[in-house]
Amino acid sequence: MKVKILSILAVSVISLSSCKKFLEQEPDNRTEINSVEKVAQLVGTAYPSYGYMAMAELYSDNACDKGPLVSGTNTTTPFPEMYNWEEVASTGNNTPYQYWTGVYEGIAAANQALKSIKEYNLGAAADPYRGEALLARAYGHFMLVTFFAKAYVPGGANDSPGIPYVLEPEEAAIKKYGRGTVASVYAQIEEDIEEGIPLLTGGTWAVPAYHFTPAAAHAFAARFYSFKAEWAKVVDHANLIFTGGDFTGNIRNIAAETPSLSADEYRQWFNKGDKKFNLLLHETYSVYQRSTSYGTSRYGLGVNVYSGYYTKASPAGGTFYYRSWTSGTGNYTLYKYWEYFYYTNVSAGTGRPYIMLPLLTSDEALMNRAEAYAQLGMLDRAIADCDLMASVRISGYSKAAYGVTAEKSKAYFNVTDDQEAIILTVLDFKRRAFMAEGLRWLDVLRHRITVKHDYIDVNNDATYKELGPDDNRRMFQIPESAQKASNLAPNPR
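Residues in the sequence shown are numbered consecutively from 1, following UniProt numbering.
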């Protein structure tokens with residue numbers, strides 16, 4: 001077996017590094033995936049091998065221009081291009097091309113696992129891994145359609161081009177793909193989710209956080225249905241993550257658990273597989289966390305955003321606890337990721353940097369449920385979820401001092417409607433909680449939020465550009481190599 005998806009990636013052969021050893025047992029570098037154990041190994045690689053954080057953060061309103069006078073900044077590609085919502089020609093780290101490639105690598109592994117299960121008639125023992133492969137395939141395509149196509153509009157036609165939904169391993173060296181529509185991609189994602197989740201029951205995994213367990217699958221489903229604005233389904237799936245739908249003790253207790261940690265311990269704390277809040281983790285090749293990357297880019301987390309969310313009180317009345325570091329005045333990083341550097345040549349000091357990336361967390365699922373409750377008019381339950389989030393983010397929290405209320409939220413956002421105020425509170429909490437994690441961009445798309453970026457000149461004067469909800473630049477461009485190899489139409493500009 002060779003896991004291939006050649007033309008859509010526009011590479012010669014994709015080898016999945018994490019299953020390299022067992023693929024190389026045969027003299028011809030091929031092996032038959034003909035047992036449940038081999039399928040289980042393969043499906044563990046069915047996840048994106050690169051991250052999306054830089055793409056999402058730079059496109060969103062979490063990024064700003066630190067200005068030409070801030071010390072220690074750089075304008076290394078692809079950060080200036082993404083901040084300007086321009087097409088990125090480079091194919092290196094943090095680029096759309098790299099993410100596109102990494103996602104389809106995972107999809108290739110998922111499809112090969114599904115084919116092998118059917119071909120070798122592996123039976124009920126393989127059901128959990130079939131379910132995992134379906135969920136991984138759905139997740140990969142969902143993230144691709146989110147970044148590389150127009151945002152789904154609940155109740156809309158959604159007939160604009162989607163992304164290729166690949167359902168089987170590729171046998172031909174060159175294959176032409178259609179993009180379908182956003183609606184057809186969503187329909188197939190939903191089909192894979194609904195078929196896959198029941199199959200996960202009874203599955204066992206050595207490290208559950210590295211796989212689509214039932215909890216991770218329900219968290220993903222809650223995210224997916226929030227894009228479709230099917231709020232009752234968001235609630236239903238979120239309630240199935242933990243027994244009785246109780247998130248207490250199962251989310252990031254940053255205010256209580258992290259103040260005494262060293263910088264290295266703090267970064268590791270976010271990404272450990274034994275933390276209940278990490279529902280799905282995967283190893284990704286990335287230099288995103290490095291101070292020479294996102295942290296010191298001229299375009300990134302600067303003082304305007306930092307002071308607006310980490311020194312300013314929240315709608316609950318208190319500030320969210322945070323840890324931050326600077327590299328020169330005005331260069332902020334939140335250091336939420338621990339980089340492991342794998343040396344390929346110790347004497348030469350060369351190797352590959354990896355981040356164990358949280359793909360799904362209970363914190364996000366809780367906030368998705370909070371928004372769903374608010375959208376359904378169940379404001380008391382939405383407020384209770386917001387209070388739970390505030391209780392682990394605000395030092396010295398008490399409900400009397402920092403409990404969320406509609407009145408406080410209306411005053412904070414200067415709105416008059418209770419429901420609108422609570423929804424805005426949820427979005428505010430999410431922005432504070434998930435800064436540098438890429439999730440703000442998902443809310444920008446779902447809520448059709450206009451993004452404004454500032455541009456600072458040598459006199460410290462600012463001009464602004466906006467990215468509106470119907471601007472075609474909100475879609476990342478289909479990589480040029482994939483356009484040519486698979487005859488994929490580019491996104492309009």
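Yeah, the Cβ is synthetic: ideal placement off N, Cα and C, and Gly gets one too. Just so you know, these numbers come straight off a predicted model, no measurement behind them.
When you compare each of 493, 492, 491 and 482 to residue 175 by their alpha carbons, which one comes out closest? Residue numbering aside, residue 175 sits at position 175 when the sequence shown is read from its first letter. Taking only the C-alpha atoms, the option nearest residue 175 is 482.
What separation, rounded to the nearest whole angstrom, lies between the Cα atoms of residue 448 and residue 74? In the sequence shown, the residue the question calls residue 448 occupies position 448. In the sequence shown, the residue the question calls residue 74 occupies position 74. Each residue's alpha carbon lies about 31 Å from the other.
Quick one: which unbroken beta strand (DSSP E) runs of 3-plus residues sit fully inside the segment 259 to 294? Chain order, please. Runs of the beta strand (DSSP E) inside the segment 259 to 294: 278 to 285.
DSSP three-state label for residue 150, please. Indexing the sequence shown from 1 puts residue 150 at position 150. In the structure shown, residue 150 adopts coil according to DSSP, grouped into three states.
Determine the burial state of residue 410: buried for a count of at least 16 other Cβ atoms within 10 Å of its Cβ, exposed for fewer. Residue mapping note: residue 410 aligns to position 410 of the sequence shown, counting from 1. Residue 410 comes out buried.
Whole-angstrom distance between residue 288 and residue 427, CA atom to CA atom: Taking the first residue of the sequence shown as 1, we reach residue 427 at position 427. Taking the first residue of the sequence shown as 1, we reach residue 288 at position 288. Cα-Cα distance, rounded: 24 Å.
Quick check on residue 250: does DSSP put it in helix, strand or coil? For the purposes of this step, residue 250 is taken as residue 250 along the sequence shown, with counting starting at 1. Coil at residue 250, not helix or strand.
Supposed close pair residue 406, residue 422 - CB separation, criterion 8 Å: Reading the sequence shown from its first residue, position 406 is the one you call residue 406. Reading the sequence shown from its first residue, position 422 is the one you call residue 422. Contact flag correct, Cβ pair sits at about 6 Å.
Simplified DSSP assignment, three categories, for residue 130: Numbered from 1 along the sequence shown, position 130 holds the residue referred to as residue 130. Three-state result, residue 130: helix.
So, using beta-carbon positions, are residue 150 and residue 356 closer together than 9 Å? Along the sequence shown, read from residue 1 onward, the residue named residue 150 stands at position 150. Along the sequence shown, read from residue 1 onward, the residue named residue 356 stands at position 356. No, these two residues do not count as a Cβ contact at 9 Å.
For a test of the three-state rule: what should DSSP assign to residue 401, helix, strand or coil? As a first step, residue 401 must be located in the sequence shown, where it is residue number 401. DSSP places residue 401 within a helical segment (H, G or I) once states are collapsed to three.
Just the Cα atoms here: how many angstroms apart are residue 220 and residue 238? If you number the sequence shown from 1, residue 220 lands on position 220. If you number the sequence shown from 1, residue 238 lands on position 238. Linking residue 220 to residue 238 through their CA atoms gives a straight-line distance of about 9 Å.
Just the C-alpha distance for residue 478 and residue 199, rounded to the nearest angstrom, thanks. Here residue 478 refers to the residue found at position 478 of the sequence shown. Here residue 199 refers to the residue found at position 199 of the sequence shown. One C-alpha to the other measures close to 33 Å.
As assigned by DSSP and simplified to three states, the class of residue 478: Within the sequence shown, numbered from 1, the residue matching residue 478 stands at position 478. DSSP places residue 478 in the coil class of the three-state scheme, outside both helix and strand.
In chain order, what are the residue ranges of uninterrupted beta strand (DSSP E) at least 3 long that sit wholly in the segment 49 to 114? Counting whole runs of 3 or more residues, the segment 49 to 114 contains no beta strand (DSSP E) stretch at all.
Got a sec, what are the start and stop residues for the alpha helix (DSSP H) residue 224 sits in? Counting from 1 along the sequence shown, the entry for residue 224 is found at position 224. From DSSP, the alpha helix (DSSP H) with residue 224 extends over 214 to 227.
Report the partner residues of residue 341 according to the DSSP bridge assignment. In the sequence shown, counting from the first residue as 1, residue 341 sits at position 341. According to DSSP, residue 341 bridges with 353.
Would a C-beta distance cut-off of 9 Å place residue 438 and residue 57 closer than the cut-off? Stepping through the sequence shown from its first residue, residue 438 is reached at position 438. Stepping through the sequence shown from its first residue, residue 57 is reached at position 57. Contact flag set, yes.
Compute the Euclidean distance between the alpha carbons of residue 404 and residue 225, then round it to the nearest angstrom. For the purposes of this step, residue 404 is taken as residue 404 along the sequence shown, with counting starting at 1. For the purposes of this step, residue 225 is taken as residue 225 along the sequence shown, with counting starting at 1. Those two C-alpha atoms are separated by around 25 Å.
May I have the straight-line CA-CA distance separating residue 441 from residue 95, to the nearest angstrom? As a working mapping, residue 441 is identified with position 441 in the sequence shown. As a working mapping, residue 95 is identified with position 95 in the sequence shown. Going from the Cα of residue 441 to the Cα of residue 95 covers about 16 Å.
Given a threshold of 16 other Cβ atoms within 10 Å of its Cβ, counted over all protein chains shown, does residue 259 qualify as buried or as exposed? Looking up residue 259 in the sequence shown gives position 259. So residue 259 counts as exposed.
I need the straight-line Cα distance from residue 331 to residue 307, nearest angstrom please. The residue given as residue 331 occupies position 331 in the sequence shown. The residue given as residue 307 occupies position 307 in the sequence shown. Answer to the nearest angstrom: the Cα atoms are 12 Å apart.
Which residue marks the beginning of the alpha helix (DSSP H) containing residue 182, and which one marks its end? In the sequence shown, counting from the first residue as 1, residue 182 sits at position 182. From DSSP, the alpha helix (DSSP H) with residue 182 extends over 182 to 199.
Considering only their Cβ atoms, is the gap separating residue 211 from residue 203 smaller than 9 Å? Counted from its first residue, the sequence shown places residue 203 at position 203. Counted from its first residue, the sequence shown places residue 211 at position 211. The answer is yes: Cβ separation under 9 Å.
Between the CA atoms of residue 278 and residue 272 - distance to the nearest angstrom: In the sequence shown, the residue the question calls residue 272 occupies position 272. In the sequence shown, the residue the question calls residue 278 occupies position 278. Distance from the CA atom of residue 272 to the CA atom of residue 278, rounded to whole angstroms, is 7 Å.
Looking only at C-alpha atoms, which of 191, 367 and 399 sits nearest to residue 434? Numbered from 1 along the sequence shown, position 434 holds the residue referred to as residue 434. Nearest in C-alpha terms to residue 434, of all of 191, 367 and 399, is 367.
Does DSSP classify residue 517 as helix, strand or coil? Because residue 517 is not part of the residues shown, which for the chain are 1 to 493, the question remains open.
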